[in-house]
Amino acid sequence: MAGINESLPFYPLGMAVLTISDTRNVETDTSGALLIERLSGAGHRLIDRTIVRDEIDAIQATLQNWLTNPEIEIILTTGGTGFSPRDNTPEAVKPLLRREMDGFAIAFQQKSLQTVGVAAMQSRALAGQAGDSFIFCVPGSTGACRDAWDGLLEMEFDSRHKPCSIAGALPRLRDVCS
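Encoded structure:
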């Protein structure tokens, strides 16, 4: 049966949060703040956080830097996944991925249908593996970040979740979370 097996040890993951926005700063970044609150509350470690303009080069530079840091196992991005002319997150992230996690986009859209209805079709949320790390890209609204974390990511990142969690795909946990 799927769920958290409380008898297993919890292994905190190292995470970074990237807000992609032309208008937000640390004080107004409620989406990034929500993700940080949720990941910290779940027992994971925040390794880094930054905000960049919605420009492919800026997004890729930050991600490539983080992908060289062995402490960062999970990268969460918020923003830039819609259809406005300045939404560039998928175009910036996809070239960095060696494998896409198609199921994340599907699961996120299903979860979003419950809260935003057919507007969920406009989401270009995505996830995948870059090197040995994983990148999860969600829309920039605080509600979308809440839906993603509370409905999907919290369990996906919990090493005790069975039948599997993303923790078992990380090099340092492959032998203990398989």
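Note that this note's numbering numbers the sequence shown so that position 72 is 82, with each residue one more than the last.
The beta-carbon is built from N, C-alpha and C at its ideal position, and this holds for glycine as well.
The model shown is predicted, which means the values in this text are computed figures rather than measured ones.
- When secondary structure is reduced to three states using DSSP, Val62 falls in the strand class.
- One alpha carbon belongs to Thr72, the other to Ile61, and they sit about 9 Å apart.
- A residue is called buried once 16 or more other Cβ atoms fall within 10 Å of its Cβ, and Pro149 is buried on that count.
- About 7 Å separates the CB atoms of Ser41 and Ser151; that is less than 8 Å, so the two are in contact.
- Within the segment 61–136, the runs of alpha helix (DSSP H) at least 4 residues long that lie entirely inside it are, in chain order, 66–77, 99–103 and 112–126.
- In this model, Phe146 and Leu163 are separated by some 9 Å (Cα to Cα).
- Note on geometry: alpha-carbon atoms of Leu77 and Asn15 lie some 30 Å from one another.
- Distance from the Cα of Gln74 is smallest, within the candidate group Ser175, Ala140, Thr125 and Phe93, for Ala140.
- Pairing Ile176 with Pro95, the inter-Cα distance amounts to about 33 Å.
- Nearest to Ala68 by C-alpha distance, out of Ala137, Pro22, Ala115 and Leu28, is Leu28.
- Taking all protein chains shown into account, Thr38 has fewer than 16 neighbouring C-beta atoms within 10 Å of its C-beta and is therefore exposed.
- Beta-bridge analysis with DSSP links Ala26 to Asp58 and Ile85.
- For Lys121, same chain residues with a beta-carbon under 7 Å away, outside a window of 5 residues either side, are Asp157, Gly161 and Leu162 in chain order.
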